[in-house]
Structures are given as C-alpha cells and as structure tokens.
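Here the structure is laid out as structure tokens; the discussion comes afterwards.
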Amino acid sequence: MEGSKQRIVVGVDGSAGSRAALRWALGYAEGCGGRVVAVFACGVPALIDVALMMPEEERVLTVGERELRKAVDETYAESDTGIPVERRVVRQDAVRALLDEARDSDLLVVGRRGHGRFAQVLLGSVSWHCVNHAPCPVVVVSGPG
Numbered sequence: 043m044e045g046s047k048q049r050i051v052v053g054v055d056g057s058a059g060s061r062a063a064l065r066w067a068l069g070y071a072e073g074c075g076g077r078v079v080a081v082f083a084c085g086v087p088a089l090i091d092v093a094l095m096m097p098e099e100e101r102v103l104t105v106g107e108r109e110l111r112k113a114v115d116e117t118y119a120e121s122d123t124g125i126p127v128e129r130r131v132v133r134q135d136a137v138r139a140l141l142d143e144a145r146d147s148d149l150l151v152v153g154r155r156g157h158g159r160f161a162q163v164l165l166g167s168v169s170w171h172c173v174n175h176a177p178c179p180v181v182v183v184s185g186p187g
C-alpha cells in the first residue's frame, strides 16, 4: 500500500496462540511503521455460551467485543510498543472474516494450533485456509512467547 502505513491484520480469538500472533504483529508494525487491525470473528457456533436474555445478534457481538477488548488490552499491556490497535468484531466464521479483511491488507498474522499428523491439523484449519487462500502474505506464529 504505497504512500500509507502497512495494514497488518491479526486474527484474535483470546487463545494463547492468537495472543502470540498479536504480540508478533505489534512488534512487526513497530519495526515497519505499520498499523494493526485485530479481528475477532463471531461466527456461530464460536460463541454459543452467551447470555440468553439478549437478542442473538446483540449478545454475540457483545461477547465478541468483550473478548477482543480483553485479549488486546492484556496483550498490549505486555508489549513494549506504542502501536495503536484497531479492533474489529465481525459476524462471520473466522476463515471468511480473515480472508475478507486480508483483501485490503499487506500482511495477515494468525496463530498456529494443534499437533496432528497432517498439515491442516498441524496448523489448525483457520491458519491452513489463510495460508492457502489469502490474497496477501501470511505469517503463522507458532505459539506463546
């Protein structure tokens, strides 16, 4: 994206792997003068255990916003960077949300999950799909730390 800061999208779901991905993205953004967009996908069934008294759309987005805020705030507090983080809660499954956000991005960062025998299991289905279908480079962060 010539003439503007690099847009770095990172998938955040509150897991240790996604927090490691966010830490990596913050460090990278600081080094290149980029900006970070943290995306939390609220696709069903990702947030099934939410309060039953709110209308479905409202409760899913509310829980998503709370989880994203917690993950970003805690991870940001642990980092030594002053890079602001744009937060986006998207009502889609994680793969579709991240691939859509990656369309206008310079880099997509996701955490790795699982330790199975096959590449898709080793990476996790979301990271595997992102690596194979994203319209921009993808970094898969291997874990916490």
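Residue numbers (the working numbering): 43 to 187.
Glycine is no exception: its CB is placed at the ideal position from the N, C-alpha and C atoms.
{"Asked": "Residue range of the unbroken alpha helix (DSSP H) whose run includes R138", "Found": "136-144"}
{"Asked": "Touching by the beta-carbon criterion (3+ pairs, under 8 angstroms), the segment 76-83 and the segment 136-156", "Found": "yes"}
{"Asked": "Residues bridged to V152 (per DSSP)", "Found": "V182"}
{"Asked": "Option nearest Q48 by Cα separation, candidates R130, R133, S57, G75", "Found": "G75"}
{"Asked": "Assigned secondary structure, V51 (DSSP; H/G/I helix, E/B strand, else coil)", "Found": "strand"}
{"Asked": "Nearest residue (CA-CA) to D122, options V51, R129, R133, G73", "Found": "G73"}
{"Asked": "Spatial distance of V127 from E109 (CA atoms)", "Found": "15 angstroms"}
{"Asked": "CB contact flag (A63, V180, <7 angstroms)", "Found": "no"}
{"Asked": "For R65, the three-state DSSP class (helix, strand or coil)", "Found": "helix"}
{"Asked": "Simplified DSSP state of A80, which is helix, strand or coil", "Found": "strand"}
{"Asked": "Inter-residue spacing [alpha-carbon to alpha-carbon] between S184 and H175", "Found": "19 angstroms"}
{"Asked": "Contacting residues, own chain, Cβ-Cβ under 6 angstroms from R133 (five flanking each side not counted)", "Found": "C84"}
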